[in-house]
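Numbering (UniProt numbering), first residue to last: 1 to 333. Quick notes on the structure that follows.
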Amino acid sequence: MNRLLLVLAGLLAFVLFNAFYTVGEAQQVILTQFGKPVKEPVTEAGLKMKIPFIQEVNRIDKRVLPWDGSPSDMPTKDKLYISVDLFARWRIVEPLPYFLRLRDERSALSRLDDILGSETRNAVAKHELIEIVRTTKGRVPLKDPTLVEGAADGADTNNVVGSLVPIQKGRVLVEQEIYKAAAEKLKVFGVELLDIRFKRINYNASVEPKIYERMISERRQIAERFRSEGNGEAARIRGNMTRDLNRIQSEAYRQVEDIRGKGDSEATAIYAKAYNQSQAAADFYAFTRTLDAYQAVMTPDTSLILSTDSDIFRLLKGTSALPETYTAPPSGD
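Right, dumping it as structure tokens:
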């Protein structure tokens, strides 16, 4: 008897265990009977009751859920292939359509991949790359004055280094376009799309080398311009330096010649005053100047052919021959 009671109590506990279920704060439940939903979805947390063994509990998350898409290559309006990485946030607001159409979160993520990927591709194809990369219209960049000198002369600002190409929409509005288009399509699945954002935008791997080459070429053009301007400035400085140096040298030469002329004039005046004091002084001056001329003209290897009435020979013919007893001094004396 006691054993039977224990068996009946166990069966009753098992039946009651299958008749009650709990709903968490972050859950909503749909009861199915033989695979078909029955009653309304249970969205309030607490202890609930169902028909044991016949009805099955299907739990659906009602929290905000993430979606992180895989990078996908797609062309822009200006025929540039870029790799776009997108992420979004979504939640299940109508559990019954969600359960009937998608059943589980895995199917929901797959459908999000299809819809968001398709709408992103359509939006990117309708806009140029600059519209997807830039965020705000009319943004004024910080510019280096040395890079935008051409803008002051009325040049096209689109071709001036350091300027920004104007945009019509920007990345935020492109994201809103994708959001609105995808949100409408997801409503039929009981899914509310909360937000969508571009996580990363890169050039396609096949065009990256060309983009880098163009960037390098632009930097080289800027460097060459700076280098040519620097060479021109250096040539101007060197020219000014040469001109100033020539002017300084010519001025110094003029002053030197002026000083030398004054010195020669004063020396001549002193000599003239000294040698004009008497006839003997004048004769002595003429004699010393003649000796200076001899020293300048005659060397040990010099051979002269002079006439007897030559001014140079005038003093030589008045000298007497050396005595026979004369002995030349040693070569070292």
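Where is the CB? At the ideal position from N, CA and C, for every residue including glycine.
Residue burial is scored here from C-beta neighbours: F20 has fewer than 16 other C-beta atoms within 10 angstroms and is therefore classed as exposed.
For K36, the beta-bridge partners assigned by DSSP are Q33.
Under the three-state reduction of DSSP output, G261 falls in the helix class.
Here the region 167-183 lies against the region 120-130, with 3 or more beta-carbon pairs under 8 Å apart. Runs of the beta strand (DSSP E) lying entirely within the region 35-111, each at least 3 residues long, are 36-42, 46-49, 55-61, 65-68, 72-75 and 81-92 in chain order. In the same chain as E56, and ignoring 5 residues on each side of it, the C-beta atoms closer than 6 Å to its own belong to T32, in chain order.
Taking the CA atoms as reference points, K77 sits about 18 Å from A205.
DSSP places D195 inside the beta strand (DSSP E), whose first and last residues are V191 to Y203. One alpha carbon belongs to E208, the other to N246, and they sit about 56 Å apart. The beta carbon of S250 sits closer than 6 Å to none of the beta carbons in its chain outside the five residues before and after it.
In this structure, the CA atom of R101 is about 6 Å from the CA atom of F189. Going by C-alpha positions, L80 is about 16 Å away from R134. In this structure, A267 sits away from Y275, with a CB-CB distance that is not shorter than 8 Å. Looking from the CA of I51, the closest CA among D68, V165 and V38 belongs to V38. 8 Å or more divides the Cβ of L194 from the Cβ of A182. Counting along the chain, the unbroken alpha helix (DSSP H) around V133 starts and ends at L129 to V133.
R254 and A296 have their C-alpha atoms some 29 Å from each other. The beta carbons of V64 and R106 sit about 18 Å from each other, so the pair does not count as a contact at 8 Å. Here the alpha carbon of I216 sits roughly 21 Å from the alpha carbon of I201. Straight-line spacing of the CA atoms in W67 and T22 works out to 28 Å.
Boundaries of the beta strand (DSSP E) around V23: F20 to V23. Distance check between P95 and each of G117, D114, D61 and S70 places D61 closest, using alpha-carbon atoms only. When DSSP reads this structure, Q27 sits in a beta bridge with D61. With fewer than 16 other Cβ atoms inside 10 Å of its own Cβ, E229 counts as exposed.
Each residue's CA atom was taken as its position, placing A252 and R225 some 40 Å apart. Note on geometry: alpha-carbon atoms of Q221 and A235 lie some 21 Å from one another.
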